[in-house]
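Under my numbering, the first residue of the sequence shown is numbered 4, with each subsequent residue one higher. Every residue gets a Cβ at the ideal spot worked out from N, C-alpha and C, and that includes glycine. Model, not experiment: these values are computed from the prediction.
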Amino acid sequence: MAASTAAGKQRIPKVAKVKNKAPAEVQITAEQLLREAKERELELLPPPPQQKITDEEELNDYKLRKRKTFEDNIRKNRTVISNWIKYAQWEESLKEIQSNFPGCPMEPLDSFEEPQRHCGRRVLGGAAKEMLKMGLTSSTPSTVREAQFHLLSLARSIYERALDVDYRNITLWLKYAEMEMKNRQVNHARNIWDRAITTLPRVNQFWYKYTYMEEMLGNIAGARQVFERWMEWQPEEQAWHSYINFELRYKEVDRARTIYERFVLVHPDVKNWIKYARFEEKHGYFAHARKVYERAVEFFGDEHMDEHLYVAFAKFEENQKEFERVRVIYKYALDRISKQEAQELFKNYTIFEKKFGDRRGIEDIIVSKRRFQYEEEVKANPHNYDAWFDYLRLVESDAEAETVREVYERAIANVPPIQEKRHWKRYIYLWVNYALYEELEAKDPERTRQVYQASLELIPHKKFTFAKMWLLYAQFEIRQKNLPFARRALGTSIGKCPKNKLFKGYIELELQLREFDRCRKLYEKFLEFGPENCTSWIKFAELETILGDIERARAIYELAISQPRLDMPEVLWKSYIDFEIEQEETERTRNLYRRLLQRTQHVKVWISFAQFELSSRKEGSLAKCRQIYEEANKTMRNCEEKEERLMLLESWRSFEDEFGTVSDKERVDKLMPEKVKKRRKVQADDGSDAGWEEYYDYIFPEDAANQPNLKLLAMAKLWKKQQQEKEAAEQDPDKDIDETES
């Protein structure tokens, strides 16, 4: 607080200045503080003082105080059942104390320590502990028995008062009954259990403990009666099993069978029927077990069939060595159960056939299993053509022709819903495989022809077609020696939907038949359909060359290069030039090169032209070759692609290295460019700067614009050389002196 001065002003207290604001060397975290606080709580505290009770008056006083405490707790909150249970257990425990006071023949109580209030436990003397172990016998004096009965009555009254508060509390009933059983009050315990199962019949714990108590007392009839009362409520499965196991412990097999009969009707699950049948099998009643399985099959019928029931039935018959019965059971189930739900059935059937069947039986079951799988797949998605292919491959390897045809008909019936070729590519192979099967496997040419014709009628040729189908059909007719049918089919295909593959296939067919006039007509039609197709022109010209009609071939080439649009003109020109070279027409070849150079100034054309002149090996061929290189170099001075110009010079230098003189080589070397590294800006797609990039450029000496650059480069090289000599002289001055003296 501020202190008032004589002048009436307030004086602000001084705040201590922190001299060193650096962090401390040892840091104390919040976690460390909490851990230390917890450790202090765990320190050993001295035990509270114990009060020893030595006479009956002190004991009565202690009981009075204790009862008052319990009653006060109950009065505060009657719904806390734990208070009632503690109160009753305390009253029950007093019988141990009562037995150690005068009137009891046992040794006197050594000491009775008052319980610690924080834990609710008492420390008993030695005599009291022995009394607890031995229990009260018939030799107990009447006064002690009366006291014990009185104390139990008090505990009972507490439990009864608690039940009035909450009769649905399961723990309360259990503690009450356990108290009576622990004190050997059998009738009282029965009374409590009866009340409990009547009040709360759905609490299985009461029934289990009640039957267990009766069985431990040897009251088998009473336990059975309790079980019967329990079964009237139709409890869960475990309760029925407990009843059955109870009867089996006393060798009552007939009674257990009767219980099973009721059990499978109350809980009609497959597993329960299987347990019933195994019970009969275990006790040697095999006819009864078979009858149970048959009743179960009839009970569930075809609508609620379960593979586990049939697997268990089959294994039972397998154990009885009834192998034919096993096969009948498996086949009956496989014919009626959904294939997705019969995986375990297939597995066990396969194992059975491997153990007891022959090879054919094993193959049949494997094929049957895979067929069922494919059936499910094609049912789920009829347009899954890959599944149809696998299914058909399987059927072809095992089934009869009629079955295979049926599956093929089902497959091809799933026409793609959209008339787009990409959706039909897989589908059309169903027809191809169908036709090949009829021809190669079934050996039925007429059905094969029908399959091809049906597929060609189905394809929408106005939108797209499949050249493969037309060609396969034509090849089939050729194999059947029906050449007119094959030509008719291919002619129809070219008329309806001309394609390059159809023309090529038709021409190939006629070439094999040596029908060259037909080939010429087909090439004419082909080139009318696609005049830009250089391959067709080349093939046509090659055909005429093979036939020896050189002029006709040359005319075809001339007609081809005159077309306004070609897909591969460089290939066509090269083929034409190669044709003239083969005919040893040097002048025609030279003219072709000149005509080609009028259209394109590509470096490869110049190099090829020069190589042609060199390869002619005639007089003056070297001079003509050198002249072509010089002409090409002059022509390509304005070429933007400097790499092509460099390629030409390198080819020229290779030529001079082999055939030229020293002066010719020096001349070409002077034409070689300088390679320099440059930088340029790079822009991103959005127009922003993306930095700089390095690239190599070529500076040709012949270019007038590059003369200053060359002079600058020469001066830079000279300056760099002088700098290097100067640095060397500075690093080794003695060397310079020696050189001067020398």
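CA nearest to the CA of residue i, picked from the options
i      : options                           : result
His605 : Lys621, Glu441, Ile354 and Glu647 : Glu647
Tyr432 : Asp393, Phe209, Arg159 and Lys41  : Asp393
Lys466 : Thr451, Ala732 and Lys499         : Lys499
Asp672 : Arg682, Ser654, Lys680 and Ala687 : Ser654
Glu513 : Glu535, Glu531, Phe532 and Gln478 : Gln478
Pro501 : Glu511, Phe519, Glu531 and Ala489 : Glu531
Lys637 : Leu652, Gly623, Leu625 and Ser624 : Leu652
Thr72  : Lys89, Asp58, Gly533 and Ile56    : Lys89
Ala747 : Glu183, Tyr170 and Asn172         : This structure cannot speak to residue 747, because the chain is shown only from 4 to 745.
Gln456 : Glu480, Lys446, Leu443 and Ala445 : Glu480
Glu284 : Asn222, Glu320, Ile31 and Thr32   : Glu320
Leu550 : Cys522, Ser400 and Leu600         : Cys522
Arg328 : Ile584, Pro49 and Ala315          : Ala315
Asp305 : Ala336, Ala292, His291 and Phe282 : Ala336
Tyr440 : Pro463, Ser400, Ile462 and Gln422 : Ser400
Gln586 : Tyr476, Thr603, Asp552 and Gln566 : Asp552
Arg568 : Arg591, Gly533 and Arg598         : Gly533
Arg252 : Ser618, Glu61 and Gly221          : Gly221
Thr451 : His464, Tyr476, Met639 and Thr468 : Tyr476
Glu518 : Met571, Arg656, Asp692 and Leu546 : Leu546
Ser458 : Met472, Phe282 and Met234         : Met472
Beta-carbon proximity of residue i to residue j, cut-off 7 Å
i      : j      : result
Leu493 : Tyr509 : yes
Tyr246 : Phe230 : yes
Ile84  : Leu175 : yes
Ala416 : Trp391 : no
Cys537 : Leu595 : no
Arg81  : Val168 : yes
Lys180 : Ala192 : Note on residue identity: the sequence assigns Ala, not Lys, to residue 180. Closer than 7 Å, so yes.
Lys668 : Glu661 : no
Lys424 : Ala470 : no
Ala224 : Tyr162 : no
Thr548 : Ala558 : no
Glu697 : Lys678 : no
Local conformation of residue i per DSSP, three classes
i      : result
Lys681 : strand
Ala445 : coil
Lys484 : coil
Trp695 : strand
Ile421 : coil
Gln30  : coil
Gln515 : helix
Gln35  : helix
Gln725 : helix
Gln604 : coil
Ile462 : coil
Contacting residues, own chain, Cβ-Cβ under 8 Å from residue i (five flanking each side not counted)
i      : result
Leu312 : Val273, Trp276, Ile277, Tyr296, Ala299, Val300 and Phe303
Tyr333 : Tyr313, Ala317, Leu348, Asn351, Tyr352 and Phe355
Arg232 : Ile200
Ile631 : Trp609, Phe612, Ala613 and Glu616
Leu397 : Val370, Arg373, Arg374 and Tyr377
Close beta carbons around residue i, own chain, < 7 Å, minus the five adjacent residues each side
i      : result
Lys69  : Trp93
Ala635 : Trp609 and Leu651
Asp570 : Glu535, Asn536 and Cys537
Rounded straight-line distance, which links the Cα of residue j to that of residue i
i      : j      : result
Asn63  : Trp87  : 21 Å
Glu588 : Leu474 : 40 Å
Lys22  : Glu28  : 16 Å
Ser578 : Gly663 : 31 Å
Leu395 : Tyr411 : 7 Å
Gln188 : Glu34  : 57 Å
Lys524 : Glu561 : 19 Å
Val269 : Ala259 : 15 Å
Met4   : Pro26  : At Met4 the pLDDT is 42, less than 50, meaning the model places this residue with poor confidence and gives no usable figure here.
Val608 : Arg593 : 12 Å
Arg490 : Glu460 : 17 Å
Lys254 : Trp236 : 25 Å
Arg198 : Ser96  : 25 Å
His307 : Pro238 : 24 Å
Residue i beta carbon near the ligand SAM (any heavy atom closer than 6 Å)
i      : result
Lys724 : The ligand SAM is absent from the structure shown, which contains no ligands of any kind.
Spatial neighbours of residue i in its chain, beta-carbon cut-off 6 Å, leaving aside the 5 residues before and after
i      : result
Ala226 : Thr214, Glu217 and Glu218
Tyr526 : Phe543
Pro419 : His426, Trp427 and Tyr430
Val1   : The chain is shown only over 4 to 745; residue 1 falls outside these bounds and no answer can be derived.
Asp741 : Unreliable placement is indicated for Asp741, whose pLDDT of 45 sits below 50; the coordinate value is still reported in the next sentence. Closer than 6 Å at Cβ, skipping near neighbours: no residue.
Glu250 : Arg258 and Ala259
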